[in-house]
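So in full-length UniProt numbering, spot 39 of the sequence shown is number 39, and the numbers just go up one at a time.
The next block holds one structure in the form of structure tokens; read it before the comments.
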Amino acid sequence: TERDASNWSTERLKTLLLPVRVEGEEGACEVTEVSKLDGEASINNRKGKLIFFYEWAIKLAWTGTSKTGVKYKGYVEIPNLSDENDIDEVEFHGRIPVFPEFTQGMILPTVNGEHMETTPQVAPKAEDRKTAASSSTATSQSKSIGVKIPTCKISLKDTFLTSPEELYRVFVTQEMVQAFTHAQAALEADKGGKFQLLDGSVTGEFVDLVPEKQLVMKWRFKSWPAG
């Protein structure tokens, strides 16, 4: 015989997960919400032996405070809590929202005045860049064509829920940039150093770096017209 235990398991998991709180030398965090709990569970009685089957995908919201008083929030996903996986095979994916995607909401004017959304582009190979540069030089020497693209100055101010030390480290550490953008990046974190983000679709230069105090950069999308 088989019995559905999904409803009981749902309530039991919430009871077990919501009180979870972790404290350490660097601070403390706690689970505040079980925002996703998809799956099923059942009990099967075979020849007087109980066999349990379950498979769950879970998402938890959490908040925390560092020892310096900085507040954080984020979520943890557990996509494969299942009777088929041992405890060391269960996956945990943690995220902390920091800033929007560089390309989110970005629009550019086109020749006919219409607008188009930018899309990430894969960085060309060295030989392709050389060929493209040669072609561009030859074209510009023979004839100068194009349209004037209107531009404007934008000033934005944002608050990051982290310490100056951690925020600075995020922008100058290649591994951390790749983790937050989910794409390949290359950084030379020195004054005048170049960088590429989002698989090469964003390029730029470090203008000034004052550790933990100031970070000035120039950047552009590769899809933007030259100049």
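Note that CB positions come from ideal geometry on N, CA and C, so glycine has one too.
Being a predicted model, the structure only gives us computed values, none of them experimental.
Residues near Gly193 by beta carbon distance below 8 Å, same chain, minus five either side: If we look at Gly193 and ignore the five residues flanking it on each side, its Cβ neighbours are Leu187, Glu205 and Phe206.
Cβ-based burial, Trp224 [other Cβ within 10 Å; buried from 16]: Looking at its Cβ environment, which holds fewer than 16 other Cβ atoms inside 10 Å, Trp224 is exposed.
Burial state of Phe195 (16 or more Cβ within 10 Å): Under the 10 Å beta carbon count, Phe195 is surrounded by 16 or more other beta carbons and is classified as buried.
Nearest-angstrom beta carbon gap, Tyr75 and Lys59 [assumed within contact, 8 Å]: With a Cβ gap of about 6 Å, Lys59 and Tyr75 count as contacting.
For Thr15, the three-state DSSP class (helix, strand or coil): Three-state DSSP puts Thr15 in a helix.
Local conformation of Gly192 per DSSP, three classes: Residue state, collapsed to three classes: coil.
Touching by the beta-carbon criterion (3+ pairs, under 8 Å), the stretch 75-92 and the stretch 47-65: Using a Cβ-Cβ distance cut-off of 8 Å, the stretch 75-92 and the stretch 47-65 are in contact, since at least three pairs of beta carbons, one from each stretch, lie closer than that value.
Residues near Glu175 by beta carbon distance below 7 Å, same chain, minus five either side: No residues qualify anywhere along the chain.
Under the three-state DSSP convention, the category Ala179 falls into: In the structure shown, Ala179 sits in a helix (DSSP, three-state: H, G or I).
Local conformation of Val20 per DSSP, three classes: Looking at Val20 - three-state DSSP - the assignment turns out to be coil, as it is neither helix nor strand.
Buried versus exposed, by CB contacts within 10 Å (16 or more), Leu37: By the 10 Å Cβ count, Leu37 comes out buried.
Residue burial classification, Val202 (beta-carbon count within 10 angstroms, cutoff 16): Per the 10 Å Cβ criterion, buried.
Length of the line joining the Cα atoms of Glu91 and Arg21: Computed Cα separation, rounded: 19 Å.
Inter-residue Cα distance where the pair is Leu18 and Ala226: Each residue's CA atom was taken as its position, placing Leu18 and Ala226 some 53 Å apart.
Within 7 Å, strictly: CB atoms of Ala189 and Gln178: Their beta carbons are not under 7 Å apart, which means Ala189 does not touch Gln178 by this criterion.
Val172: first and last residue of the uninterrupted alpha helix (DSSP H) it sits in: Val172 -> alpha helix (DSSP H) spans Pro164 to Val172.
Residues bridged to Thr203 [DSSP beta-bridge criterion]: Residue pairing by DSSP places Thr203 opposite Gln196 and Arg220 in a beta bridge.
Beta-carbon separation (whole angstroms), Glu11 vs Asn44, contact threshold 8 Å: The C-beta distance from Glu11 to Asn44 rounds to 21 Å, too long to meet the 8 Å contact threshold.
Lys157 to Leu81 span [Cα, whole Å]: Near 41 Å, if we compare the C-alpha coordinates of Leu81 and Lys157.
Nearest neighbour of Gly94, chosen from Leu167, Asp86, Thr63 and Gly69 [CA to CA]: Per the Cα distances, Thr63.
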